[in-house]
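Numbering (numbering that gives the first Met the number 0), first residue to last: 0 to 135.
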Amino acid sequence: MSDRIDRDIGFQRNALNLRSYRQELLASNIANADTPNYKARDIDFKSALTAAQSGRSEGDLALARTQRGHQPGLGGTNPYGAAQRYRSEYQGAVDGNTVNMDIERAAFAENAMQFEAVLTFINSRFKTLASAIQGQ
Numbered sequence: 000m001s002d003r004i005d006r007d008i009g010f011q012r013n014a015l016n017l018r019s020y021r022q023e024l025l026a027s028n029i030a031n032a033d034t035p036n037y038k039a040r041d042i043d044f045k046s047a048l049t050a051a052q053s054g055r056s057e058g059d060l061a062l063a064r065t066q067r068g069h070q071p072g073l074g075g076t077n078p079y080g081a082a083q084r085y086r087s088e089y090q091g092a093v094d095g096n097t098v099n100m101d102i103e104r105a106a107f108a109e110n111a112m113q114f115e116a117v118l119t120f121i122n123s124r125f126k127t128l129a130s131a132i133q134g135q
């Protein structure tokens with residue numbers, strides 16, 4: 000039963016995880032707005048969601064283990080399959096920082112709204128399943 004529910008909301012689960020990860024990146028950009036040489040980062044949500052749905056990581060980098068005692072490499076990606084990219088620089092600062100607070104705030108607010116929409120959809124789906132189980 001739980002496998003069927005997991006398959007049923009798998010897309011929304013991946014979308015929610017990616018929205019959460021993107022929110023962390025955007026918050027990091029805002030927090031580092033005054034850090035010299037900090038480069039603003041983001042993900043391409045559409046391609047990352049496609050990668051997550053197909054079960055692959057978008058930015059995988061296979062590292063060779065030449066010795067048995069070597070630790071496996073992480074490949075510079077996150078567990079959600081989204082490869083981080085640097086945001087396009089619109090107007091760089093003198094100190095090399097590329098964070099544009101207007102863009103970051105707008106992206107943060109939009110992503111938060113999308114996050115809430117996915118949560119609302121999942122909640123509605125569970126209410127529908129609960130009413131079907133209760134026979135109402």
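The beta-carbon is built from N, C-alpha and C at its ideal position, and this holds for glycine as well.
Short Cβ contact (8 Å threshold) for residue i with residue j
i, j, result
"Leu24", "Ile42", "yes"
"Asn31", "Val98", "yes"
"Ala111", "Gln22", "yes"
"Ile8", "Glu103", "no"
"Phe114", "Ser19", "yes"
"Arg12", "Arg84", "no"
"Gln52", "Phe10", "yes"
For residue i, the residue or residues it bridges with in DSSP
i, result
"Tyr20", "In DSSP, Tyr20 forms no bridge with anything."
"Leu5", "First, the residue type needs correcting, since residue 5 is Asp and not Leu in the sequence shown. Its beta-bridge partners do not exist; DSSP assigns none."
"Asp41", "Arg84"
Where residue i falls: helix, strand or coil (DSSP)
i, result
"Asp94", "coil"
"Arg67", "coil"
"Ala50", "helix"
"Thr34", "coil"
"Phe10", "helix"
Any C-beta of chain B under 8 Å from that of residue i
i, result
"Thr49", "This model lacks chain B altogether; it includes just one protein chain."
Three or more C-beta pairs closer than 8 Å, one from the segment 40-54 and one from the segment 88-95: is that the case here? Too few Cβ pairs lie closer than 8 Å, so no.
What runs of the alpha helix (DSSP H), each 4 residues or longer, lie entirely inside the segment 97-123? none
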